[in-house]
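This note's numbering puts the first residue of the sequence shown at 33, with every later residue one more than the last. Glycine included, C-beta positions come from ideal geometry on N, C-alpha and C. Report on the structure given below.
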Amino acid sequence: MMTTRTTRQHAFAFMAPETVLLTSHDELKQAAKLIDKVRASLDDSQKFFLLPKTVEFMKNQLTDGNAILGLKDANGTLMGLTIIRKMDHWTDIPNFEGLPFIGFLANETPCMLQSVCTHPEYRGAGLADKLLTAAENWCRENGRTRLIARIVTENSGSRNAFTRNEFQILSEGIDAQDGYGYLYAGKAIVSNPYLVGEEDYLTIGDHPTESDIHPC
Numbered sequence: 033m034m035t036t037r038t039t040r041q042h043a044f045a046f047m048a049p050e051t052v053l054l055t056s057h058d059e060l061k062q063a064a065k066l067i068d069k070v071r072a073s074l075d076d077s078q079k080f081f082l083l084p085k086t087v088e089f090m091k092n093q094l095t096d097g098n099a100i101l102g103l104k105d106a107n108g109t110l111m112g113l114t115i116i117r118k119m120d121h122w123t124d125i126p127n128f129e130g131l132p133f134i135g136f137l138a139n140e141t142p143c144m145l146q147s148v149c150t151h152p153e154y155r156g157a158g159l160a161d162k163l164l165t166a167a168e169n170w171c172r173e174n175g176r177t178r179l180i181a182r183i184v185t186e187n188s189g190s191r192n193a194f195t196r197n198e199f200q201i202l203s204e205g206i207d208a209q210d211g212y213g214y215l216y217a218g219k220a221i222v223s224n225p226y227l228v229g230e231e232d233y234l235t236i237g238d239h240p241t242e243s244d245i246h247p248c
């Protein structure tokens, strides 16, 4: 007999989630609740992978010209989301002083992904890939040439998902405030982009499995 989660994942296979931009107050409330639900599903030692977000914070993101991208099922339930920040300059990236991938970003127009997460009951259903593809398309349509994300080093699920979607691990460091390790992953999203040589990338270990994203 299938579990409830397995049943829902099985049902998910027969429908295509809709990619939407979350803009209304009610949608932002759903987004904040989804982030809280994802955090509640994590062990206490993992909760720092995904920080809580308020509706006011997300409204400010929209005011600044950023985007909150969601995936909804046929009933309008929010299944996953990510915040896409348009960076005015590569020096706006946190901890940029310690990053060796300046050549990847110099004279480019990057976007940065934050709070990539999927509903706990739909992990393993491919939502992460759909979110990352949709985010890449949004950035391209808005004239952006690079897409980057900061990933907690311990968050193997996120590393696997970004690598699976052809992001390169460009740099690593230690958060100056909280002391945890992080990685920066990046992807060129224009035709004939400048590409960093393979020897410039960090080794990230064995090829990832087909697991879904963990929140980051």
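Determine the DSSP secondary structure at residue i, reduced to helix, strand or coil.
| i | result |
| --- | --- |
| Ser73 | coil |
| Tyr154 | helix |
| Glu198 | coil |
| Ile221 | coil |
| Thr86 | coil |
| Gly189 | helix |
| Leu215 | strand |
| Ala160 | helix |
| Arg176 | coil |
| Thr165 | helix |
| Ala48 | coil |
| Leu94 | helix |
| Ala208 | coil |
| Leu101 | strand |
| Leu110 | strand |
| Leu54 | coil |
| Ile67 | helix |
| Lys79 | helix |
| Lys61 | helix |
Using only the alpha-carbon positions, how far apart do residue i and residue j sit?
| i | j | result |
| --- | --- | --- |
| Glu168 | Leu83 | 23 Å |
| Leu159 | Thr123 | 31 Å |
| Phe136 | Glu153 | 36 Å |
| Ile206 | Asp96 | 28 Å |
| Pro225 | Ser77 | Residue placement at Pro225 is flagged as unreliable, the pLDDT there being 43, under the threshold of 50; the coordinate-derived value follows with that caveat. If I take the Cα positions, the gap works out to 39 Å. |
| Leu94 | Ser56 | 10 Å |
| Ala106 | Leu53 | 16 Å |
| Glu173 | Asn127 | 28 Å |
| Ile201 | Asn187 | 13 Å |
| Ala166 | Gly175 | 14 Å |
| Lys69 | Trp170 | 26 Å |
| Lys219 | Asp120 | 17 Å |
| Lys65 | Ile183 | 22 Å |
| Val87 | Met144 | 20 Å |
| Ile67 | Arg155 | 14 Å |
| Ser223 | Lys85 | With a pLDDT of 48 at Ser223, under the threshold of 50, the predicted position of this residue should be treated as unreliable, though the coordinate-derived value follows. If I take the Cα positions, the gap works out to 34 Å. |
| Asn197 | Ile221 | 12 Å |
Are the CB atoms of residue i and residue j nearer to each other than 9 Å?
| i | j | result |
| --- | --- | --- |
| Gln146 | Ile116 | yes |
| Glu50 | Leu103 | yes |
| Ser190 | Leu131 | no |
| Ala157 | Ala181 | no |
| Phe80 | Asp210 | yes |
| Thr185 | Tyr212 | yes |
| Ala208 | Val148 | no |
Write down the C-beta distance between residue i and residue j rounded to the nearest angstrom, noting that I regard them as a contact closer than 8 Å.
| i | j | result |
| --- | --- | --- |
| Thr177 | Thr150 | About 27 Å; that fails the 8 Å criterion. |
| Asn98 | Lys118 | 6 Å |
| Leu163 | Leu101 | 7 Å |
| Ala63 | Leu110 | 7 Å |
Complete runs of the alpha helix (DSSP H) confined to the region 120–149 [at least 4 residues]: 134–137
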